[in-house]
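Student: Chains as they are written, first to last, in our numbering: chain R, 1 to 623; chain P, 624 to 863. This is the structure, below, for whatever I ask next.
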Amino acid sequence: MLCIDAQPSIIEVPAQQDIRMRVVDALEAMSMAKSDAEIINEIVEGYGKDRSRMMDIIRAVHARLGYLPEEGLRVIPKALGVHRVEVSDMASFYAFFSRKAKGKNIVRLCNALVERMKGADEVARAFESAAGVPFGETSPDGSVTLEYTACIGLSDQAPSALINGVPVTNLTPADAAKIVEALRKGESPSNLSQAGVVLNLRKAGPVIFASMDRGMAIRKAVNMAPAEVINEMNKARLRGRGGAGFPTAMKWDFCRKSPGNAHYIVCNGDEGEPGTFKDRVILTEQPDLVFEGMTVAGYAIGADEGLFYLRGEYEYLLPALEQVLARRRRLGLLGESICGREGFNFDIRIQMGAGAYICGEESALIESLEGKRGAPRDRPPFPVQKGYKDEPTSVNNVETLCCAARIIEMGAEWFTKMGTKDSTGTKLLSVSGDCEGPGVYEVEYGITVDQFLDMTGARNVQAVQIGGPSGQCLAPKDFGRRISFEDQPTGGSVIVIGDGRDLLWCMSQFVEFFVEESCGWCAPCRVGTTVLKKIVEKVLEGHATRSDIEQLEQVGIAVKTMSRCGLGQTAANPILTTMRNFPEMYESRIKPDAFIPRIDFSKALWEGAAAAGRTDELEGRHV
Amino acid sequence: MSEKTVTIIIDGKDVPATASQTVMQAADAAGMYIPRLCYVKDLPPGGHCRVCTVKVNGRPQNACTFPVSEGLVIENDTEELKALRRAIIEMLFVEGNHYCPTCEASGNCELQAMGYRLALLAPQLPYFNMRRELDASHKDVYVDRNRCILCGRCVRASRHVDGKNVFGFEGRGIHKRIAVDAEHSLSETTLAATDAAAKKCPTGCIVIKRTGWQVPVGRRTYDHVPIGSDIERKETGASV
């Protein structure tokens, strides 16, 4: 058990020492060590007792104590002037927060579809056997806690895990034993030979990955009127890269014109869609371009503050990003009167997330930024009207803001020469699964699925999941479709599923993902995702009849139509799109019976009889 | 100063509304019932149950939060929406552990009444059969989470009417639950049986002790009239 407070490692001294010495040492250690309450109080004070910084406060408590102890739920509400239930509400929402003490090291093994395709199950068994406990538990010596996590943005180097936040990649079962042994010896995960991320930037294009002249876009922008900057986006016909494709100029214009005490630009760096890892590569290779885009956007909408929401899984990128921000402040690209423009004061704060896919949804992201559970809001009002702290806020994708900076730097005309009429510029695609070249590709909009698959060395493809679980599952008949807003839009995730894979099992992994990630606010998504999972399991087990398939479709439509936000509205897509594109997959699995009950009565009777010690009464009887 | 009025169209009928109203409020005032569970008129809307989903100019939106504007075309009482709403009610029945025959809220329960109104037969979806906590620690009120539909009325009532924050949410997804503002149980909170939070529960989850059987079965709110009749009655002017 992890216990920072009493410092057991200090108290426990070698047995041969005099017992009185031990007592003295222990007393000394305890008087010197701060209590949990003192530590937590200091943290809350450090954030100025600001309720809206509750994410940071709880994160800091975890960093110091390993978990949120009961003491935290006494101290934090009191110090912030809120109710205990508000703190527990927020803290209980995020996967990376815990009310229970955990091991000294936390291994978070990714069990997303691609990871399981690449052998994550075997790696998991090896971790369990090395740690001596199943996933979800802490080893008896307190050295390791094993947990599963959803996609951590490393599907191109799967199986992968985060150990105390440090990414370890391309894992094999043999690695697991070595890792646990090293952790037990007290080695830092950063020193593991498996630690590290491969860039896998397979194709660098002219928009995102071309070299940049730091500050150029800002210098050009501040010599234009904000409305002209927005007009340039309009001329470039820039649309949001997160998947929905909303015109950027329109969003900025709405935001700029909305009355408020302050305006905010928020960069959505919460890429959680399984199979998406393009933002990780951008943030590694071109962080300056992202902040350049945020600054240009800030100028255009009239913001003094930009917030970058970085998903908790990418915490290892934080130190480098903070350095980039510090350098930009030194260069006068952030701060007061940026690039000599009187009155343009702008800075950027990075807000860390804590493990919640839903926070990629813009209104949930804003709630999270305000230090609350990441529950989406009802619209209207839209974030451009009432967003962060109820002020006009523009939330943009990382890639979109990079494009925006380039458009100012190179001109709208340059941008519109790439792509198609309604989809100008390039798109980053992150590909994983059954292909030779997993990684990130910057391609022009308009490329067909077939052409792209060729580029990645994918052969014998059964299906392609475009846009992640919330996207579409395409069959070969659709591989002529073009990646574009007018034909086949995508946020960037491309998962290749080869021949020989059980496609329905693959889809069941996506269904399960939505069960885990539904925020629970609205009934159709909270309940419907689990109902879908139960019916799909019945189909996979071979107990389904036509009525089950019909029910599956009806529930899918209800979840899609009635849910509150984009998560629920797309959660049934793995089912609904394969029903359309792979009907035979369902047909081939159903039994001709009119109805098969969920309960196997015969099995249940035997179990009951066994429990009562009366199986002999059933012998020879057909039940 | 009189507020600006607009006209919206609900199921083909012109409905007058004031500009600050939601679709739900305008429909209620006009005596047109939009089924709902988490919405209750003296609390801010929560948007949890989605039963009040209507089609606004063809797009599904929840009536309890959607603001009116001139010329909105609303579909409400359609077979499609009725089936979708019924699907949600069915989901809520299998999510919780609802045993109407032994529940003291039976007859007053809005979930049960909505099931009848939308003609839900026995649920066909798989039951979750999840173990849920019961908190009977408080001297006057108990919370039986088996019957909770996470409508959040108690949370909003406690915050906005009682000013107490006795109730909140905890957890996420299917593990989301009603929590109380205490380390252990309801008895440690400031809840009083007279609080709005203790009286707004649409089901038998939050119940005031020793009152359950005061009104016998047969004389309860929905024993003779379907849920929503009070609103529809306004339109016809009929009295009971």
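We put the CB at the ideal spot given by N, CA and C, even for glycine.
Excluding the 5 residues preceding and the 5 following residue 216 of chain R in the sequence, name in chain order all residues of the same chain whose CB lies nearer than 7 Å to its CB.
Tutor: For residue 216 of chain R, where only same-chain residues beyond five positions count, the Cβ hits under 7 Å are 409.
Student: Would you mind sorting residue 595 of chain R into buried or exposed? The rule is 16 or more other CB atoms within 10 Å of its CB.
Tutor: By the neighbour-count rule (16 or more Cβ atoms within 10 Å), residue 595 of chain R is not buried but exposed.
Student: Answer yes or no: does any C-beta atom of chain P fall closer than 8 Å to that of residue 246 of chain R?
Tutor: Not closer than 8 Å to any Cβ of chain P, the Cβ of residue 246 of chain R fails to qualify, so no.
Student: Could one say the Cβ of residue 635 of chain P lies closer than 8 Å to chain R's Cβ atoms, at least one of them?
Tutor: By this cut-off, residue 635 of chain P is not an interface position.
Student: Closer than 8 Å, Cβ to Cβ, to anything on chain R: give me those residues from the region 682 to 697 of chain P, in chain order.
Tutor: The region 682 to 697 of chain P vs chain R, Cβ under 8 Å: 683, 685, 688, 689, 690.
Student: Could you tell me whether the Cβ of residue 817 of chain P comes closer than 8 Å to any Cβ of chain R?
Tutor: Residue 817 of chain P does not count as touching chain R.
Student: Per DSSP, what kind of secondary structure is residue 41 of chain R in: helix, strand or coil?
Tutor: Three-state DSSP puts residue 41 of chain R in a helix.
Student: Who are the Cβ neighbours of residue 661 of chain P in its own chain at under 7 Å, not counting the five residues just before and after it?
Tutor: Excluding sequence neighbours, residue 661 of chain P sits near 669, 671, 672, 774, 775, 776.
Student: Please determine, among P:824, P:812, P:722, the residue with the shortest C-alpha to C-alpha distance to residue 762 of chain P.
Tutor: Here the closest residue by C-alpha is P:812.
Student: Under 7 Å: does the beta carbon of residue 63 of chain R sit that close to some heavy atom of the ligand SAH?
Tutor: Questions concerning the ligand SAH fall outside what the structure shown contains, since it holds no ligand whatsoever.
Student: Which residue comes first and which comes last in the beta strand (DSSP E) that contains residue 347 of chain R?
Tutor: Note, residue 347 of chain R: beta strand (DSSP E), 347 to 352.
Student: Roughly how many angstroms separate the alpha carbons of residue 480 of chain R and residue 449 of chain R, rounded to a whole number?
Tutor: Going by the C-alpha atoms only, they are around 6 Å apart.
Student: Listing by chain order, which chain R residues have their CB less than 7 Å from the CB of residue 644 of chain P?
Tutor: Within chain R, no residue comes near residue 644 of chain P; the closest Cβ sits about 14 Å away, beyond 7 Å.
Student: Which residues in chain P have a C-beta closer than 8 Å to the C-beta of residue 147 of chain R? List them in chain order.
Tutor: Correct list: empty, because the minimum Cβ distance to chain P is about 15 Å.
Student: Under 9 Å, CB to CB, which of the residues in the region 663 to 676 of chain P have a partner in chain R?
Tutor: From the region 663 to 676 of chain P, only 668, 669, 670, 671, 672, 673, 674, 676 have a Cβ closer than 9 Å to chain R.
Student: By a C-beta neighbour count over all protein chains shown, 10 Å radius and 16 as the cutoff for buried, is residue 504 of chain R buried or exposed?
Tutor: Classification for residue 504 of chain R: buried.
Student: For my contact list, residue 797 of chain P and residue 520 of chain R are in at a C-beta cut-off of 8 Å; report their separation, rounded to the angstrom.
Tutor: Yes, residue 797 of chain P and residue 520 of chain R are in contact; Cβ-Cβ is about 7 Å, under 8 Å.
Student: Looking at chain R, is there any beta carbon in it that lies within less than 8 Å of the beta carbon of residue 710 of chain P?
Tutor: Yes, residue 710 of chain P counts as interfacial toward chain R.
Student: Got a sec: is the Cβ-Cβ distance from residue 640 of chain P to anything in chain R below 8 Å?
Tutor: No, because no Cβ of chain R sits closer than 8 Å to the Cβ of residue 640 of chain P.
Student: Between the Cα of residue 403 of chain R and those of R:66, R:286, R:58, spot the shortest distance and give me the residue it belongs to.
Tutor: Selected option, being the one with the closest Cα: R:286.
Student: Starting from residue 430 of chain R, follow its DSSP beta bridges and name the residues at the other end.
Tutor: According to DSSP, residue 430 of chain R bridges with R:440, R:493.
Student: Please list the residues of the region 78 to 89 of chain R that have a C-beta atom closer than 7 Å to any C-beta atom in chain P, keeping them in chain order.
Tutor: Listed in sequence order: 83, 84, 85, 86, 88, 89.
Student: Under a CB-based cut-off of 8 Å, is residue 757 of chain P close to chain R?
Tutor: With 8 Å as the cut-off, residue 757 of chain P does not count as an interface residue toward chain R.
Student: Comparing C-alpha positions only, which one of R:264, R:148, R:395, R:444 sits nearest to residue 204 of chain R?
Tutor: Ranking the options by Cα distance to residue 204 of chain R, first place goes to R:444.
Student: I'd like to know whether the C-beta of residue 854 of chain P is nearer than 8 Å to at least one C-beta of chain R.
Tutor: No, residue 854 of chain P lies away from the interface with chain R (no Cβ there is under 8 Å from its Cβ).
Student: Are the C-beta atoms of residue 639 of chain R and some chain P residue less than 8 Å apart?
Tutor: The structure shown has nothing for residue 639 of chain R, since chain R only spans 1 to 623.
Student: Taking the alpha-carbon positions, what's the residue 642 of chain P to residue 648 of chain P distance?
Tutor: Those two C-alpha atoms are separated by around 11 Å.
Student: According to a CB-to-CB cut-off of less than 8 Å, which residues of the region 553 to 576 of chain R neighbour chain A?
Tutor: Structure shown: chain A not included; protein chains present are R and P.
Student: Bridge partners for residue 691 of chain P per DSSP, in chain order?
Tutor: Partner(s): none; residue 691 of chain P has no beta bridge.
Student: Measuring only between beta-carbons, confirm whether residue 652 of chain P sits less than 8 Å from chain R.
Tutor: By this cut-off, residue 652 of chain P is not an interface position.
Student: Which residues does DSSP pair with residue 498 of chain R in a beta bridge?
Tutor: In the DSSP output, where bridge partners are listed per residue, residue 498 of chain R has R:461.
Student: Tell me, please, which residues DSSP counts as bridged to residue 682 of chain P.
Tutor: Paired residue(s): P:679.
Student: Short of 9 Å Cβ to Cβ, which residues in the region 119 to 134 of chain R face chain P?
Tutor: Answer set for the region 119 to 134 of chain R: empty.
Student: Tell whether a beta-carbon distance below 8 Å holds between residue 384 of chain R and residue 258 of chain R.
Tutor: Contact: yes.
Student: Assuming residue 428 of chain R and residue 278 of chain R are in contact, meaning their beta carbons sit under 8 Å apart, how far apart are those beta carbons, in whole angstroms?
Tutor: About 4 Å; that satisfies the 8 Å criterion.
Student: Taking residue 73 of chain R and residue 84 of chain R to be in contact with their CB atoms under 8 Å, please state how far apart those CB atoms are, rounded to whole angstroms.
Tutor: That pair is a contact at about 5 Å.
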